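Colleague: In UniProt numbering, the protein residues as written are 1 to 1133. Got a structure for you, written out below as C-alpha cells; questions coming shortly.
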C-alpha cells in the first residue's frame, strides 16, 4: 500500500518531502531513493531540497545521500535483478527485439502474417524492402507497449486466445499481431517482460531483499503510472515505505474521482470536471486517482495557499483548482499577469519573446533570468531563432549599444542529440551523402561542418577558395565513373576524381589550351575521362598546402562513402562509421563529450545486433540510428542560472515566477492526433494507457498552473507573408474562454482584451508608442529599431544618397589591371574593394548536375578559349578536345551543337584578326611617371610592334573599348612611340565581326589622360560615382555628334533601363547599381548631382561631365568598321 501526498502546488510537496527525509532511517548511511519523471524535475527537486535539508542558521543546505531515478528504470531494474538478465543483455529490449521481429517476418510462412509481408514486398522490390527495419522497429515498439500497458492481452495471445485483453475478440484486420507475438515469444528463451515482472513481484513479496533498493522510496511529480510500473511499486510497498508525492491540478477533482467505481475502459469514466480546462485537459488525473485510491494506505492533502496579491492569473488558477466553485473575480485595470501575443511567424515570436522577457525583468528588480521558464512544443524549430535573437552581439566596438536581451544567458535545455552533438550530426550527414550522388555542394557542406573543418584546418577563407576551385574544375557529382554507372551515366567528366586530378595538374602547368594530358593509370580505369585532363586553374605556390589538405579530405570522404555501400553486417557498418569519425573529425577538448556520446550510440547499435548481426542496407542503418537522435533532456541543461528554454515535458509542474509558452500555433500544438490503424490500444483505450494527444493537453494545463506571477503565450496570429489571420492552438482558445469564466476583465472578453496583435516589423512605430501593445510604456527596448521607426515617421523625401559624404581618400591606383577594373566597373569596384561587399548573384552557385544546356556566360567562356587557341595556332580539333576535357560542355554528342554554334560565332572574328596579326605577340612593360600621383606600372599583352591587338568572343561593347583605350594610353605614355589599339569582337547585332581601332595621342597627352583616369579611379574608391560604362558611352557619343543635353539623355536612357514589352534590360539592373541607386531607378535619377564648378561648362550634371571626360578623347581617337560573314548554309535570311 502507498502513502499518498497530494498538493495543488509542487512547492508544498517539496516541504513535506524534506520534512519526511529529515527523519533518519534505521541505517543512517542508507540512501533515500526518489523517482522522478524527467531530468528537469530531478534538477529542480535537488535544488529545492537543498533549501530544506542540512540548513543551519543563515546557512545554505545540501541535498546529499539521495539517489534519483525514474519509475521506468527502477521497474526494469527490479525485473533484471530478479531474473538475472542485465538490461543490455535483455532480448526484449527495443533494439534487440527489432531483430527478432525482423527474423520472424523473414523466416515464418504463417499466412496470417501475409499483410505485413505484402507491406514489405518481395526481395527484388527495393522500395518496399527498404521498409524492413523501420517496420520491425515499429512493430517491436507496439509489442512492448502492449506488454507493459495491457499485459492481460499479451498473456491471452500466448495462450492462443486472440482477444484484446478486456474481453472482446481482436478485429480480423489485427489478428496477425497475435500470431506475430506468439512467433516472437517462441523464438526467445527469455519470457516477455510482463511475465518476468509478475515473477519479480511474487519474489519481492516473499523475499524483500531480492533487490538492492533502500527501505524508503518516494515517487515525485508523476501524472501517470503505466500498469507495469504500478505493479512494481506495489510490490516494493509490501516491504518498504513507498510514498507518492503527487501534484494535482485540483484536489476537488481528485476527491470526486476517488469515489468512482473501478472502470477498465476510458470511455466508461464520467466527465467530472465542471471547470472547462479541468474537463478537457485533466483526464489523466481522474484515471490516476482511480488507480491509486485502491492502493492507498494513508492520504494527506495540501491545498494551494491563497496568493498574497490577487491577479487575473491567480484568480484563474483558483478557479481551476476549485473546479469552478470560486466566484467570478473582477480584475483591475492594467492587470497583465496573463498576456497572449499574436505574431507574424516563428521568427517574430522570438523577437516578441525577447521584449517580453526584458520588459518583465525591467519592471521587477527581484526577478532574475533563472525565474523565467520558456517552454515550446518544438525546440528544434526555435533553437536557431533563439540563438540569432538572443545571441551575443558581434561587434568590435566595446562601447556600441547592445540590446539587453543579448546580454542574457539563454540555455536551450533539451535539444535533440542530432542537433546538439556535432559528431552525430556528421554521422547522419555522411550516411545521407553516401546514399546520394555526392554532389559538389554536399561534399563542400560536409567539409564546412566544424569537426571536419577542424580536422583539416580549413577556415572560412579556405572554404571560399575551395568553392572557386570546385567550380573551375567543373566538378558536379559522383566519385568516378563507377559511382555514376548506377545512375546509367557513362561520362567521367565532372566527377571528383577527374576534378581533383585537374586541380593537381594546375600545380605543375598552366592551361595553355593546346593539349589535354592523358590520365595516368594510377586509378581504376573508370576514373579516366575520355578526353584527357586539362589544368583547372593555376594553383599558386602558397596554395599548394591547401590543395593537399583539400585533396586528402575529399579522398577520405569518398573512401568512407565507398565503405558505406551495399548490404553488409551491422558490425561492418559500425566499423565503417567509427573509421569515418577517426579519419574525418577532430574536436576541441571541451567538446570531447560529443565523442563519448557518439561512441556510446554506435556501441549500442552494435550490441543490439550482436547475436544475429544480419546484413542490412544503408537506409536500415539510418533507421537504427534514428531513435538515438531524438530529443533526450540532459540534467546539465536545466536550471543553470540562465533563462531556460525547453519542451513542455521536462519541467512539467515545476513552478516558476514567469512561464512563457512559445509556438502555441494551430496545427503545431497539440501535435495532430495520429491514429495508428495497427495500434490496438488506440482502438479502445483503457484507464492509465498512454495517449500523446491527451498528455500534451495536460502539459499545457500544468504550465498554466506552474506560473506564480506571470504567464505569457505566443503564437502565430497572422501569416508572415500573406498576413492572413490564423487562430491560436485550441488549448489557448480554451484558456481564453476559461479566463472569461473566472475573471471579469474591465476591457472586455479575454480574446480581445488580453491578446496583443503585434505588427509584422520590429521597426513599426506601434512597438514604441506607450500603451499600444499591452504595456504602459513602449513595448520594444531596441534602440536601433526605434531609430528606424522614427525615421519612418518623417515626411517622405527623395531617397538619401547611398553615401552621405565621400570616404577618406586612398593611395592612388597605380596598378594598370586594377585601374582598368575600377574605370570599367566603378560602382561595383567601390562596393567590393572599399566596402568589402559581395552582392547576391556575383558568386554563382556550384552546379550539382552535368551541364545539358550552356548559358550565355558559359558559352562566352568557351568561345573565348577556342578563339585564343586558334590565334595561338592550335589545331581546331585539338582545341575542341581540350574544351571537352574541361568538363563545362554537355557530355558526349550533346556538346556538338554547342561547339558548332560557338565555331560559327568566332570564325568571322578569327578571319578579321588574322588580317591584323603580324607575328608572335609580345608583352610590353608599363612604367609611367604621373606627377603628383606616382608611377603607374603593369604590362600590356598581345603587342604587335606598334599595335595592341585584343580579340574577344563577346560582342564589342563600350567596356571592351574602354579597356583597350586605357592600355593604349599606358603604352603610348610608356614607350613614347606612336601606337594604335585594335579590338575585334562580335557586332552588337547579327553575326560577323566588329573592329574598333584607337589611335594613340602623343605621349604627353596620353600621360595627362592617364592621370585623369587615375584621379577618376581614386574618386570611385571614395564614393559611388554616377557613372555606367555603356550608358555614359552612348551619352558622350550623342553629345559629340551635336545633340543637346536632353536629347543625349533621352537616347542614353534606354541603355540604363529599357522594357520591350516582355523583358526589362539595362545597366540599371546590375546588382551594384540597384543597391546604390535603387531598384527601378531611371537615368534621370542618377544624373541629378550637379557638375563640379570648375568642370566642363557645357555639362550641368556630374554624370554628363564624367561621361564626356572619359569618352570624348576615346571617341575622337576611334575608327570602327564592321564585317559580316556570309550566312551559313540553310540559315534563314
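No residue lacks a Cβ here, since even glycine has one placed at the ideal position from N, Cα and C. Because the structure is a prediction, the values reported are computed rather than measured.
Between the alpha carbons of residue 521 and residue 571, how many angstroms are there, rounded?
Modeller: Counting from one through the chain shown, the residue named residue 521 turns up at place 521. Counting from one through the chain shown, the residue named residue 571 turns up at place 571. With a pLDDT of only 43 at residue 521, under 50, the local geometry of the prediction cannot be trusted, and the value read off the model is given with reservation. About 34 Å.
Colleague: Identify whether residue 781 lies in helix, strand or coil by the three-state DSSP scheme.
Modeller: On the chain shown, residue 781 is found 781 positions in, with the first residue counted as 1. Reduced to three states, the DSSP call for residue 781 is coil.
Colleague: What are the boundary residues of the alpha helix (DSSP H) that residue 279 is part of?
Modeller: Translated into positions along the chain shown, residue 279 becomes position 279. Segment 276-281, the alpha helix (DSSP H) holding residue 279.
Colleague: Using the Cβ count rule (16 or more neighbours within 10 Å means buried), how would you classify residue 325?
Modeller: As a first step, residue 325 is located in the chain shown; it is residue number 325 there, counting from the start. Looking at its Cβ environment, which holds fewer than 16 other Cβ atoms inside 10 Å, residue 325 is exposed.
Colleague: Work out the CA separation of residue 349 and residue 421 for me, nearest whole Å.
Modeller: Start at 1 with the first residue of the chain shown, and residue 421 comes out as number 421. Start at 1 with the first residue of the chain shown, and residue 349 comes out as number 349. Roughly 26 Å separates the two Cα atoms.
Colleague: Please report the distance separating the alpha-carbon of residue 964 from that of residue 981.
Modeller: Here the question's residue 964 lines up with position 964 in the chain shown. Here the question's residue 981 lines up with position 981 in the chain shown. The straight-line gap from Cα to Cα measures roughly 6 Å.
Colleague: Give me the residue from 730, 240, 343, 32 with the minimum Cα distance to residue 722.
Modeller: Locating residue 722 in the chain shown gives position 722, where the first residue counts as 1. The shortest C-alpha separation from residue 722 is found at 343.
Colleague: Express the C-alpha separation of residue 197 and residue 708 in angstroms, rounding to a whole number.
Modeller: For this step, residue 708 is matched to residue 708 along the chain shown. For this step, residue 197 is matched to residue 197 along the chain shown. Approximately 41 Å, taken between the alpha carbons.
Colleague: Three Cβ pairs or more, each shorter than 8 Å: is that satisfied between the stretch 294-309 and the stretch 713-720?
Modeller: With a cut-off of 8 Å, the stretch 713-720 and the stretch 294-309 do not count as touching, because too few Cβ pairs lie within range.
Colleague: Compute the distance between the beta-carbons of residue 623 and residue 567, then report whether it is under 8 Å.
Modeller: Walking along the chain shown from the start, residue 623 turns up at place 623. Walking along the chain shown from the start, residue 567 turns up at place 567. It is not a contact, given that the beta carbons lie outside the stated cut-off.
Colleague: Check residue 586 in the structure and name its three-state DSSP category.
Modeller: For the purposes of this step, residue 586 is taken as the residue at position 586 of the chain shown. In this structure, residue 586 counts as coil in the three-state DSSP scheme.
Colleague: With which residues is residue 646 paired in a DSSP beta bridge?
Modeller: Counting from 1 along the chain shown, the entry for residue 646 is found at position 646. Beta-bridge pairing links residue 646 to 375.
Colleague: Output needed for residue 782: all residues of its chain with C-beta closer than 6 Å, excluding positions within five of it in sequence on either side, in chain order.
Modeller: On the chain shown, residue 782 is found 782 positions in, with the first residue counted as 1. 403, listed in sequence order.
Colleague: Mind checking who residue 67 pairs with in its DSSP beta bridge?
Modeller: Reading the chain shown from its first residue, position 67 is the one you call residue 67. Answer by DSSP bridge pairing, in chain order: 33.
Colleague: For residue 680, does the three-state DSSP call read helix, strand or coil?
Modeller: Counted from its first residue, the chain shown places residue 680 at position 680. Helix at residue 680.
Colleague: Identify whether residue 121 lies in helix, strand or coil by the three-state DSSP scheme.
Modeller: Walking along the chain shown from the start, residue 121 turns up at place 121. Three-state DSSP puts residue 121 in coil, outside helix and strand.
Colleague: Could you spell out where the beta strand (DSSP E) holding residue 1143 opens and where it closes?
Modeller: The chain is shown only over 1 to 1133; residue 1143 falls outside these bounds and no answer can be derived.
Colleague: Using the beta-carbon count (16 or more within 10 Å), is residue 252 buried or exposed?
Modeller: For this step, residue 252 is matched to residue 252 along the chain shown. Per the 10 Å Cβ criterion, buried.
Colleague: In three-state DSSP terms, what is residue 329?
Modeller: What you label residue 329 is simply residue 329 of the chain shown in a count that begins at 1. Of the three classes helix, strand and coil, the one that applies to residue 329 here is strand, per DSSP.
Colleague: From 873, 924, 940, pick the residue whose C-alpha is nearest to that of residue 914; which is it?
Modeller: Position 914 of the chain shown, counted from the start, is the residue given in the question as residue 914. For residue 914, the nearest C-alpha among the options comes from 873.
Colleague: Beta strand (DSSP E) containing residue 716: first to last residue?
Modeller: Position 716 of the chain shown, counted from the first residue, corresponds to residue 716. 707-718 is the span of the beta strand (DSSP E), which, as asked, contains residue 716.
Colleague: With a 10 Å radius around its C-beta and 16 neighbouring C-beta atoms as the bar for buried, classify residue 620 as buried or exposed.
Modeller: For the purposes of this step, residue 620 is taken as residue 620 along the chain shown, with counting starting at 1. So residue 620 counts as buried.
Colleague: Given this structure, state the Cα-to-Cα distance separating residue 638 from residue 44, to the nearest angstrom.
Modeller: For the purposes of this step, residue 638 is taken as the residue at position 638 of the chain shown. For the purposes of this step, residue 44 is taken as the residue at position 44 of the chain shown. Roughly 8 Å between the two C-alpha positions.
Colleague: If you drop the 5 nearest sequence neighbours on each side, which residues of the same chain put their C-beta closer than 7 Å to that of residue 333?
Modeller: Here residue 333 is taken as the residue at index 333 of the chain shown, counted from 1. Counting only Cβ-Cβ distances below 7 Å, and skipping sequence neighbours, we find 746.
Colleague: Round the Cβ separation of residue 629 and residue 417 to the nearest angstrom and send it over; I've been treating them as touching at under 8 Å.
Modeller: Start at 1 with the first residue of the chain shown, and residue 629 comes out as number 629. Start at 1 with the first residue of the chain shown, and residue 417 comes out as number 417. Confirmed, about 6 Å.
Colleague: Do the stretch 647-666 and the stretch 683-701 touch if we need at least three Cβ pairs shorter than 8 Å?
Modeller: Touching, yes.
Colleague: What residue range is occupied by the uninterrupted alpha helix (DSSP H) comprising residue 14?
Modeller: As a first step, residue 14 is located in the chain shown; it is residue number 14 there, counting from the start. Per DSSP, residue 14 belongs to the alpha helix (DSSP H) from 10-22.
Colleague: Note down, in chain order, each residue of its chain lying with its Cβ closer than 7 Å to the Cβ of residue 276, except the 5 sequence neighbours on either side.
Modeller: Within the chain shown, residue 276 is the residue found at index 276, counting from 1. The answer, listed in chain order, is 734, 737, 738, 741.
Colleague: Would residue 1057 be called buried (16 or more neighbouring beta carbons within 10 Å of its own) or exposed?
Modeller: Numbered from 1 along the chain shown, position 1057 holds the residue referred to as residue 1057. The residue is buried, with at least 16 neighbouring Cβ atoms inside 10 Å.
Colleague: Once DSSP output is grouped into helix, strand and coil, what is the label at residue 956?
Modeller: As a working mapping, residue 956 is identified with position 956 in the chain shown. DSSP places residue 956 in coil when its eight states are reduced to three.
Colleague: Does the pairing of the stretch 851-867 with the stretch 889-899 give three or more beta-carbon distances under 8 Å?
Modeller: Because the criterion of three Cβ pairs below 8 Å is met, the stretch 851-867 and the stretch 889-899 touch.
Colleague: Could you compute how far the alpha carbon of residue 533 sits from the alpha carbon of residue 665?
Modeller: By 1-based counting over the chain shown, the position of residue 533 is 533. By 1-based counting over the chain shown, the position of residue 665 is 665. For residue 533 and residue 665, the distance between alpha carbons rounds to 56 Å.
Colleague: List the endpoints of the continuous alpha helix (DSSP H) containing residue 942.
Modeller: To locate residue 942, count along the chain shown from 1; it is residue 942. No alpha helix (DSSP H) holds residue 942; the beta strand (DSSP E) holding it covers 934-944.
Colleague: In or out: residue 1165 buried (at least 16 other Cβ within 10 Å) or exposed?
Modeller: The structure shown has nothing for residue 1165, since the chain only spans 1 to 1133.
Colleague: DSSP three-state call for residue 722: helix, strand or coil?
Modeller: Indexing the chain shown from 1 puts residue 722 at position 722. Residue 722 falls in the coil class under three-state DSSP.
Colleague: Going along the chain, which residues of its own chain have a beta-carbon closer than 7 Å to the beta-carbon of residue 129, five neighbours each way excluded?
Modeller: Here the question's residue 129 lines up with position 129 in the chain shown. The residues are 120, 121, 123.
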